[in-house]
Amino acid sequence: MIKAEGVIGKEEMEALLADGTKKLLIKGEILLTPESAKVCVEAGLDLIGVESQTVGGKGTQKAVHQTLLSAEIVILEGLVLGEVTQGTYFLSALPMKMEGLDGSPVRPVLIEY
Numbered sequence: 097m098i099k100a101e102g103v104i105g106k107e108e109m110e111a112l113l114a115d116g117t118k119k120l121l122i123k124g125e126i127l128l129t130p131e132s133a134k135v136c137v138e139a140g141l142d143l144i145g146v147e148s149q150t151v152g153g154k155g156t157q158k159a160v161h162q163t164l165l166s167a168e169i170v171i172l173e174g175l176v177l178g179e180v181t182q183g184t185y186f187l188s189a190l191p192m193k194m195e196g197l198d199g200s201p202v203r204p205v206l207i208e209y
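If you read the sequence shown in the working numbering, its first letter stands for residue 97, the second for the next number, and so on.
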């Protein structure tokens, strides 16, 4: 889990994923650009979780979501990370069983190790 604010562009995302991170939780209100979403795909990211209500900004939300989801990158939005300190965690986020939907609420649990 890392802390960031504002728009995360291509170069910023490359730096965040340079160490081979496959699951990324971001504390703070952020937005991804379509270019930074492509970096996530190229880096082989499995999951991105954010406190923001969406990973994409006005006008780019659809492109960002489509880029991530077409690569089967799990998106967790609206996380509450206020009490969580920066570090490495085990994440469990089991979805509710809901038929006919492409998304579901989850109850995420972080376990520090």
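Where a beta carbon is used, it is the ideal one built from N, C-alpha and C, also for glycine.
Keep in mind the model is a prediction, meaning the values are calculated, not measured.
Buried versus exposed call for residue i [16 or more other C-beta atoms within 10 Å across all chains shown]
{"i": "LYS123", "result": "buried"}
{"i": "GLU147", "result": "buried"}
{"i": "VAL160", "result": "buried"}
{"i": "VAL135", "result": "buried"}
{"i": "LEU175", "result": "buried"}
{"i": "LEU197", "result": "exposed"}
Sub-8 angstroms separation of residue i and residue j beta-carbons
{"i": "MET109", "j": "GLY183", "result": "no"}
{"i": "LEU164", "j": "GLY145", "result": "no"}
{"i": "LEU113", "j": "ALA139", "result": "yes"}
{"i": "GLY152", "j": "LEU177", "result": "no"}
{"i": "VAL180", "j": "LEU206", "result": "yes"}
{"i": "GLU131", "j": "LYS106", "result": "yes"}
{"i": "ARG210", "j": "LEU187", "result": "Examination of residue 210 is not possible in this model, given that the chain is present from 97 through 209 alone."}
{"i": "THR156", "j": "THR129", "result": "yes"}
Extent of the continuous alpha helix (DSSP H) to which residue i belongs
{"i": "LEU112", "result": "106-113"}
{"i": "GLU131", "result": "130-138"}
{"i": "LYS193", "result": "It is not in any alpha helix (DSSP H) - LYS193 carries neither H nor E in the DSSP assignment."}
{"i": "LEU206", "result": "Premise fails: LEU206 lies in the beta strand (DSSP E), 205-208, not in any alpha helix (DSSP H)."}
{"i": "LYS158", "result": "157-166"}
Cβ-Cβ separation, residue j to residue i (assumed contact under 8 angstroms), whole Å
{"i": "VAL137", "j": "ALA100", "result": "Not a contact, Cβ separation roughly 19 angstroms."}
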